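Participant:
Number of protein chains: 2
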Amino acid sequence: MQVTDTRTAEPLRRGRPGYDQRGILQVAVAAFNEHGYDATSIGMLAERLGLSKSAIYHHVASKDELLALALDEALDGLEGALRAVEEAPGTAADRLALVLREAVLVLADRLPYVTLLLRVRGNTEVERAALQRRRAFDHAVAALVAEARDEGALRADADPAVVARLLFGMINSLTEWYDPAGALTPDDLADTILALALRTPA
Amino acid sequence: MQVTDTRTAEPLRRGRPGYDQRGILQVAVAAFNEHGYDATSIGMLAERLGLSKSAIYHHVASKDELLALALDEALDGLEGALRAVEEAPGTAADRLALVLREAVLVLADRLPYVTLLLRVRGNTEVERAALQRRRAFDHAVAALVAEARDEGALRADADPAVVARLLFGMINSLTEWYDPAGALTPDDLADTILALALRTPA
DNA sequence: GTCTATATTGAGATAGAC
DNA sequence: GTCTATCTCAATATAGAC
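Chains as they are written, first to last, in the numbering used here: chain A, 1 to 202; chain B, 1001 to 1202.
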C-alpha cells in the first residue's frame, strides 16, 4: 500500500550484491513472468540474484509478499490513470479514449508488474484482493463505455460491458508481446489501438 | 496426437466412478484453469474426481501428459480453422474475417482447452512444443493480415504483425470472461468483434 | 479401475553465525 | 546483508493388493 508510486528510474543500484527490496522485487517479477509464479521457486530467485535462499527472507517475509508488492505496483498505476481521467473535461467518448491511452502508457511503463497482475487467478488472499481491485477498475471503464454509447459515440447494438472487455482484451494482450525497448513507442501504440477500436485517430 | 478431433458431445458418461481418459481430462482441465496448472496438485484432481491419487495414474502417465492432451485439443481446433480458411475462396480480407470468425467459434467450442493453451509459458518440453504450434498459427494469420492490407482493405499505416496481434488479443481475451452457457452466442460474438475490429458487420 | 501404502524429491521458511 | 544448515511439509509418482 505504501508503494513509491513516483517512478524514480534509478540507475540499477550497485555492482552486484547489496540488494534492497526493490532490487529483489525487480528480479523476482521477471522470473515470475518467465516461468509463472508457482513454478518459480525461491531457490531459482536466489540463483538469479546470486544470493542464498535465506538472504531473500531478509528483504521480504515470504514469496507471497513479493507477489503482493508487485501487484500493488500495477494496480496503483491503473487506478492513477483512472483518477486522472475522472478529473478530465470533455465528452464521455473523449474520456474513454483518454483512459484507454493512459492504460496503454501505464502498461508500457510498468510492463512486468501489469503482466503479472493479468495472470493472477485468485488462489490466495493476496491474489483475491488484487482481483477485487482489478474488477473495480474494469467496472469503472465499462461505465465510461456505457456513457459514450448513450452519447451516440459508439455503436449502440453491442453490450457496453462486452465492448469494454474486448477493448481491454486488446490492450491487455500487449503484455504478451510488447517490447518497451523496441521501435514502437507507447504513444504510437495507443494511436494504433484507438484507431482500430474507436476509429478515433489521436 | 491421436486425439479424437470430432467433437462427440457424449452425455456425461456413467453415474460417478468408472472414468475413462477423457473424463479425467475434462475435470483436470477445469481445475488447471481455476487454479493454474502448477498450483493444481494430483491430490486436488483426485478429490474432484472422487478417486485416490494413484487411480489417476491408471489413465495417464503423468500430470504433464494431461497437459499435453489438453493442449492438443486446443491446437487441433485452431489449426483446423486455418485449414478450412486456406481452402476458402474470396479476397484476403474475406479470408481474414473468416479465420477470425472460425477462431471465435473454436474458442467457444473448446473454451477450457484454449484457455489453458493461452496460459502456457514454455516451462517444459510439452509447453514449448505447444508454443511452437501456436506461433505457426499466429504467423499464418499475420500473413493474411498483410495480404488484406496489400489489397487496400485495411489501414496501411499500421504494422500488419501488430494488427494481427491486437486482433487476436481481442479474441483470446474471451477466455477471461466468455460463458458458452450464457445468452451471447458465439456467432453474435464473432459479429461484434468483426464489426469493432474490421468494420465488416456479418 | 481402484485402493492403501510408501519412496523420493523439492518446496517455503527458520536459526543463528559472520 | 549475507551465509550454512536444517526443519517441515506437500508434491509427483510407484508398488502391489483387491
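We treat Cβ as the ideally placed atom computed from N, Cα and C, and that holds for glycine.
Since the structure is predicted, the reported quantities are computational estimates derived from the model, not experimental observations.
1) Using a cut-off of 7 Å between C-beta atoms, extract the partners of HIS1035 (chain B) located in chain A.
2) What residue from B:LEU1098, B:ASP1159, B:GLU1073, B:GLN1021 has the CA that sits closest to ALA183 (chain A)'s CA?
3) Give a yes or no on whether the C-beta atoms belonging to LEU1025 (chain B) and ALA1070 (chain B) are separated by under 8 Å.
4) Anything in chain A within Cβ reach of ARG1165 (chain B), meaning under 8 Å, just list it in chain order.
5) Are the Cβ atoms of ILE171 (chain A) and ALA103 (chain A) separated by less than 8 Å?
6) Assuming VAL1060 (chain B) is part of the alpha helix (DSSP H), what are its boundary residues?
7) Say whether chain B places a C-beta atom closer than 8 Å to the C-beta of LEU196 (chain A).
8) At the level of alpha carbons, what is the spacing between LEU1154 (chain B) and GLU1087 (chain B)?
9) Between the alpha carbons of ARG1083 (chain B) and VAL1141 (chain B), how many angstroms are there, rounded?
10) What do you get for GLU47 (chain A), buried or exposed, if any count of 16 or more other CB atoms within 10 angstroms of its CB means buried?
11) Does the beta carbon of THR192 (chain A) come closer than 8 Å to any beta carbon on chain B?
12) Does the separation of the CB atoms of VAL99 (chain A) and VAL85 (chain A) fall below 8 Å?
13) Anything in chain A within Cβ reach of ALA1068 (chain B), meaning under 9 Å, just list it in chain order.
14) If ALA31 (chain A) sits next to LEU45 (chain A), beta carbons under 8 Å apart, how far is it from one beta carbon to the other, in whole angstroms?
15) Is the CB-CB distance between THR1124 (chain B) and ASN1033 (chain B) below 8 Å?
16) What residue does the alpha helix (DSSP H) around LEU1174 (chain B) start on, and which one ends it?
17) Any beta carbon of chain A sitting closer than 8 Å to that of GLY1038 (chain B)?
18) Just verifying my parser: in three-state terms, what is the DSSP assignment at ALA143 (chain A)?
19) Using the beta-carbon count (16 or more within 10 Å), is SER1052 (chain B) buried or exposed?
20) Using the three-state DSSP reduction, which class does ALA1156 (chain B) fall into: helix, strand or coil?
21) Can you tell me where the alpha helix (DSSP H) holding THR1040 (chain B) begins and where it ends?
22) At a CB-CB cut-off below 9 Å, which residues of chain B make contact with ARG48 (chain A)?
23) Measuring only between beta-carbons, confirm whether MET1170 (chain B) sits less than 8 Å from chain A.
24) Measuring CB to CB, does ARG1110 (chain B) end up less than 8 Å from GLY1077 (chain B)?
25) Taking only beta-carbon atoms, is ARG155 (chain A) less than 8 Å away from chain B?
26) May I have the straight-line CA-CA distance separating ALA202 (chain A) from VAL163 (chain A), to the nearest angstrom?
27) Just verifying my parser: in three-state terms, what is the DSSP assignment at ASN976 (chain B)?
28) Run the CB neighbour count on THR1185 (chain B), radius 10 Å, all protein chains shown included, and call it buried at 16 or more, exposed below.
29) By the 10 Å Cβ neighbour count, where 16 or more other Cβ atoms means buried, how is GLY36 (chain A) classified, buried or exposed?
30) On a CA-only basis, which of B:ALA1092, B:GLN1021, B:LEU1189, B:LEU1198 is nearest ALA1108 (chain B)? Give me that one, please.
31) So is PRO1112 (chain B) buried or exposed if we call it buried at 16+ other beta carbons inside 10 Å?
Facilitator: Here's the rundown:
1) Within 7 Å Cβ-Cβ: ARG121, ASN123.
2) Nearest of B:LEU1098, B:ASP1159, B:GLU1073, B:GLN1021 to ALA183 (chain A), Cα basis: B:ASP1159.
3) Yes.
4) Contact of ARG1165 (chain B) with chain A by beta-carbon distance below 8 Å involves SER173, GLU176, TRP177.
5) Going by C-beta atoms, ILE171 (chain A) is nearer than 8 Å to ALA103 (chain A).
6) Counting along the chain, VAL1060 (chain B) falls outside any alpha helix (DSSP H), and DSSP gives it neither H nor E.
7) Cβ-Cβ to chain B under 8 Å: yes for LEU196 (chain A).
8) If I take the Cα positions, the gap works out to 22 Å.
9) Answer to the nearest angstrom: the Cα atoms are 11 Å apart.
10) GLU47 (chain A) counts as exposed, since fewer than 16 other beta carbons sit within 10 angstroms of its beta carbon.
11) Chain B, which has a Cβ nearer than 8 Å to the Cβ of THR192 (chain A), makes this yes.
12) Yes; because the gap between Cβ atoms is below 8 Å, this pair is in contact.
13) Listed along chain A is no residue with a C-beta nearer than 9 Å to that of ALA1068 (chain B); the closest approach is about 17 Å.
14) About 6 Å separates the CB atoms of ALA31 (chain A) and LEU45 (chain A); that is less than 8 Å, so the two are in contact.
15) In terms of Cβ geometry, THR1124 (chain B) and ASN1033 (chain B) do not form a close pair [threshold 8 Å].
16) Element bounds for LEU1174 (chain B): n/a, residue is neither H nor E.
17) It should be noted that the sequence gives Asp, not Gly, for residue 1038 (chain B). True, the Cβ-Cβ gap to chain A drops below 8 Å.
18) The answer is helix: DSSP assigns ALA143 (chain A) an H, G or I state.
19) So SER1052 (chain B) ends up on the exposed side.
20) In this structure, ALA1156 (chain B) counts as coil in the three-state DSSP scheme.
21) Segment: none, THR1040 (chain B) is in no alpha helix (DSSP H) and carries neither H nor E.
22) The contacting residues do not exist; ARG48 (chain A) stays about 16 Å from chain B at best.
23) Using a Cβ-Cβ cut-off of 8 Å, MET1170 (chain B) counts as an interface residue toward chain A, since at least one Cβ of chain A sits closer than that to its own.
24) Their beta carbons are under 8 Å apart, which means ARG1110 (chain B) touches GLY1077 (chain B) by this criterion.
25) Using a CB distance cut-off of 8 Å, ARG155 (chain A) counts as an interface residue toward chain B.
26) Interpretation of ALA202 (chain A) is limited by its pLDDT of 38, a score under 50 that renders its predicted location unreliable; no figure is taken from the coordinates.
27) Since the first residue shown for chain B is 1001 and the last is 1202, residue 976 (chain B) is missing from the structure and cannot be characterised.
28) Looking at its Cβ environment, which holds fewer than 16 other Cβ atoms inside 10 Å, THR1185 (chain B) is exposed.
29) Using a 10 angstroms sphere on the CB of GLY36 (chain A), the tally of other CB atoms reaches 16 or more, which defines it as buried.
30) The shortest C-alpha to C-alpha distance from ALA1108 (chain B) to any of B:ALA1092, B:GLN1021, B:LEU1189, B:LEU1198 is the one to B:LEU1189.
31) Around the beta-carbon of PRO1112 (chain B), 16 or more other beta-carbon atoms lie within 10 Å, marking it buried.
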